[in-house]
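Going by full-length UniProt numbering, the sequence shown opens with residue 5, and the numbers climb by one from there.
As C-alpha cells, the structure follows; a few thoughts come after it.
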Amino acid sequence: PAHRAARGTDATVLVASNRGPVSYSLGDDGGLTSRRGGGGLVSGLSAIGSGADSLWVCSALGEGDREAVRRGVGEPGVLMLDIDEETHAAAYNGIANSVLWFVHHLLYQTPLEPVFDAEFRRQWEAYERYNRAFARALADRAAPGAAVLVQDYHLALVPGLLRDLRSDLRIGHFSHTPWAPVDYFRLLPDDIAAQLLRGLLGADRTCFLTRRWADAFGECAVRVLGPDALAGTRIGVHGLGADAEFLRERSHRPDVTERMAALREQIGPGRRAIVRVDRTELSKNIVRGLLAYRHLLRTRPEWRERVVHVAFAYPSRQDLAVYRDYTAEVARVAEAVNEEFATPGWTPVVLHVQDDFARSLAAYRLADVALVNPIRDGMNLVAKEIPVVSDAGCALVLSREAGAHEELGEYAITVNPYDVTGTADALHTALTLPEKDRTRRTEALARAATALPPARWFLDQLEALRA
Ligand code: G6P
5 PAHRAARGTD ATVLVASNRG PVSYSLGDDG GLTSRRGGGG LVSGLSAIGS
55 GADSLWVCSA LGEGDREAVR RGVGEPGVLM LDIDEETHAA AYNGIANSVL
105 WFVHHLLYQT PLEPVFDAEF RRQWEAYERY NRAFARALAD RAAPGAAVLV
155 QDYHLALVPG LLRDLRSDLR IGHFSHTPWA PVDYFRLLPD DIAAQLLRGL
205 LGADRTCFLT RRWADAFGEC AVRVLGPDAL AGTRIGVHGL GADAEFLRER
255 SHRPDVTERM AALREQIGPG RRAIVRVDRT ELSKNIVRGL LAYRHLLRTR
305 PEWRERVVHV AFAYPSRQDL AVYRDYTAEV ARVAEAVNEE FATPGWTPVV
355 LHVQDDFARS LAAYRLADVA LVNPIRDGMN LVAKEIPVVS DAGCALVLSR
405 EAGAHEELGE YAITVNPYDV TGTADALHTA LTLPEKDRTR RTEALARAAT
455 ALPPARWFLD QLEALRA
C-alpha cells in the first residue's frame with residue numbers, strides 16, 4: 005500500500021471502521037491467512053500517497069482476526085482492536101445490525117417490533133463501550149491536528165467521544181446508509197435518538213452519500229435536539245462512484261473470462277440474462293425481485309425459455325436469525341419459480357450463494373438487464389459498476405429508493421421496490437429496449453456512475469475537513 009505505517013502518536017490521517025481492509029482466517033494447522041478487501045475506502049486511502057502517515061483503526065471480527073491480534077501479526081498502517089467478544093457481538097449484531105440498520109432502512113414490522121426493553125439497554129451499553137474503545141485508540145494515535153474519518157452507523161458515538169478527548173482533531177463522519185425519515189427515526193427511545201445525533205454532531209463534518217439522506221439527518225437533528233442543533237457541524241454530500249479503471253482491468257482477467265464461459269453455458273444459447281448481485285440482506289429486496297420475475301413469466305409467456313434470471317445472493321450477517329430466515333426464503337422462492345416453469349433444457353432461475361468476485365464481474369459483463377430493486381439503499385454500487393463493465397450494453401431496472409437513483413435515474417428504468425407487478429413491467433420494458441437506446445443509456449449510466457471515483461471521493465472529504 006502507498007501509505008506508511010504510523011508509529012507512536014504520529015498518524016496524520018486516520019480512518020475508523022468496524023470492518024477493516026484486511027481479515028485473517030485460522031487454518032486447521034494453526035496457520036493464519038490474510039485477505040485484503042476492496043471498496044471505496046481502500047482505494048481512497050491509498051490515494052493519499054506516501055506523504056502522509058495514515059492509520060486505519062478497525063475491529064477484530066472473527067477468530068482469525070483475534071488470533072492475529074494475539075500473535076501480533078498485522079499489516080502496516082492497520083490497527084485491529086480486539087474488543088471483547090461479548091461487547092462486540094452486542095454492539096455489532098444487537099445494536100448496529102438489528103436496530104440502526106433496521107431504522108435507516110425502514111425494515112421493522114411495526115405491529116410487533118421494535119421492542120426497546122432491558123436487553124436492548126444492555127446491548128446499548130455494549131455499543132457505548134465499543135465506541136469508547138475506538139475513540140480511545142484514535143485519541144492515542146492521532147498526531148496533533150490530525151484528520152480522522154469515522155465510518156458508518158457502527159461508530160456513531162465516536163465523533164462526540166473523540167471530540168471530548170482531543171479537541172485539536174479534525175473529525176469527519178461518513179454514513180454509508182440512508183438516513184431515516186424523522187418520524188421513523190423517532191421509534192428509537194428519545195434519549196438514544198438524542199445520543200446518536202449528538203455523537204455524529206461531534207464531528208466537524210457529517211457526510212452522506214446523497215442530498216436526500218443529508219436532509220433527513222438535518223431534519224432529525226433539528227426536530228430532536230432543537231433549532232440550533234446544526235450550528236457547530238457542516239453537513240456534506242459525497243456521492244461515491246465506481247472505480248472505472250480498476251473494474252475495467254479486473255473484469256478482463258482470465259478468471260473472469262473463464263467464468264463468463266461457464267455462465268453462458270448455464271444460461272443457454274440465445275437467451276437473455278437478467279442479473280442481480282447482492283449480499284443477502286433484508287433491504288436488498290431479492291424476494292420481490294423473484295416474484296416480479298415469476299409474474300413476468302406468468303403474464304408474458306413469450307419470455308419462457310428465452311430468459312434466465314441469474315441471481316447472486318451472497319450470505320451476510322448469518323449470526324442473526326432474521327438474516328438466516330431471509331436467506332432461506334430467497335432459496336425457497338427461487339426453487340418455487342423453477343418448479344413452476346422449468347423445462348428440460350431451461351432453468352429459469354440460476355441462484356448462486358457462494359461469494360465469488362470474478363463470477364460477479366463475469367455476470368456484469370454479459371447481463372442484458374440488471375435488476376437493482378432495494379427497499380432502501382445508501383447508494384448501491386452494483387448499479388454503478390454494471391454499466392461500466394458491460395460488454396454489449398445493459399438496461400438497468402433501478403429502485404427509486406436507492407441512493408444511486410439520484411444520479412442514474414434519468415437513464416434507468418425506475419421502479420417502486422414494493423410494486424411487484426410494476427417491477428415485472430419494468431423487466432419487460434428493459435428486455436425489449438431497442439439496442440440503440442440501450443447502448444446510449446449504458447454509456448450515459450457509465451459516465452454518471454464514474455463521476456466521483458473512490459480516490460477523489462476520499463480526497464474531497466479530506467480537503468473539505470481540513471479547510
Ligand atoms: C454496508 C455497510 C458497511 C458494511 C457492509 C457489509 O455496506 O454500510 O459498513 O461493512 O454493509 O456488512 P458487514 O456487516 O458484513 O460489515
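Built from N, CA and C at the ideal position, the CB exists for glycine as well.
As the structure is a prediction and not an experimental result, all values here were calculated from the model.
- Rounded to whole angstroms, residue 449 and residue 338 show a C-alpha spacing of 29 Å.
- Residue environment: residue 420 is assigned as exposed (fewer than 16 neighbouring CB atoms within 10 Å of its CB, all protein chains considered).
- Comparing C-alpha distances from residue 418 to each of 402, 410, 433, 406 shows the shortest one belongs to 402.
- Each of 23, 156, 180 has a C-beta closer than 5 Å to some heavy atom of the ligand G6P; these make up the full list, in chain order.
- Inclusion of residue 373 and residue 215 in the CB contact set at 8 Å is not warranted, their separation being larger than that value.
- Taken through DSSP and simplified to helix, strand or coil, residue 422 comes out as coil.
- DSSP places residue 155 in the strand class (E or B) of the three-state scheme.
- In this structure, 247 is the residue among 259, 316, 247 with its C-alpha nearest to the C-alpha of residue 453.
- Under the 8 Å Cβ criterion, the segment 151 to 165 does not count as touching the segment 109 to 118, having fewer than three qualifying pairs.
- When C-beta atoms of the segment 353 to 370 are compared with those of the segment 247 to 262, three or more pairs fall below 8 Å, so the two segments count as touching.
- Separation of the CB atoms of residue 400 and residue 412 is rounded to 7 Å, and the pair is thereby assigned contact status at 8 Å.
- Rounded to whole angstroms, the gap between the alpha carbons of residue 425 and residue 97 is 34 Å.
- Annotation: residue 281 is outside any alpha helix (DSSP H); the continuous beta strand (DSSP E) that includes it extends over 276 to 284.
- A direct Cα-Cα distance of roughly 18 Å separates residue 279 from residue 409.
- Within its own chain, the residues whose Cβ lies closer than 8 Å to the Cβ of residue 470, once the five positions on either side in sequence are excluded, are 151, 174, listed in chain order.
- Beta bridge pairing from DSSP links residue 59 with 18.
- Residue pairing for residue 177: DSSP places it in a beta bridge opposite 154, 210.
- In the same chain as residue 446, and ignoring 5 residues on each side of it, the C-beta atoms closer than 7 Å to its own belong to 391, 394, 397, 398, in chain order.
- Segment contact: the segment 425 to 445 against the segment 13 to 26, fewer than three CB-CB distances shorter than 8 Å; contact not assigned.
- For residue 171, the three-state secondary structure derived from DSSP is coil.
- Look at the beta carbons and you see the segment 304 to 316 touching the segment 342 to 352: at least three pairs across the two are nearer than 8 Å.
- Taking residue 300 as the centre and dropping the five residues before and after it, the same chain places the C-beta of 307, 428, 431, 432 closer than 7 Å to its C-beta, in chain order.
- Contact annotation: residue 139 and residue 107 have beta-carbon atoms that are not nearer than 8 Å.
- In this structure, DSSP gives residue 437 a state outside helix and strand, which the three-state scheme calls coil.
- Residue range 399 to 403 is occupied by the beta strand (DSSP E) that includes residue 399.
- Rounded to whole angstroms, residue 42 and residue 335 show a C-alpha spacing of 27 Å.
- Around the CB of residue 368, 16 or more other CB atoms lie within 10 Å, so the residue is classed as buried.
- Annotation note: the segment 334 to 394 contains the following uninterrupted alpha helix (DSSP H) runs of length 4 or greater, listed N- to C-terminal: 361 to 370, 386 to 393.
- The C-beta of residue 382 has 16 or more other C-beta atoms within 10 Å across all chains shown, which makes the residue buried.
- In this structure, 177 is the residue among 177, 141, 168 with its C-alpha nearest to the C-alpha of residue 155.
- As computed with DSSP, residue 118 is found in no beta bridge at all.
- The beta carbon of residue 90 sits closer than 8 Å to those of 130, all from its chain and outside the five residues before and after it, given in chain order.
- A distance below 6 Å between beta-carbons, with the five flanking residues on each side excluded, links residue 206 to the following residues of its chain, in chain order: 163, 164, 167.
- Measuring C-alpha to C-alpha distances from residue 322 to each of 102, 21, 87 identifies 102 as the nearest.
- By the Cβ-count criterion, residue 347 is exposed, with fewer than 16 other Cβ atoms from all chains shown falling within 10 Å of its own Cβ.
- Bridge pairing for residue 83: 61 [DSSP].
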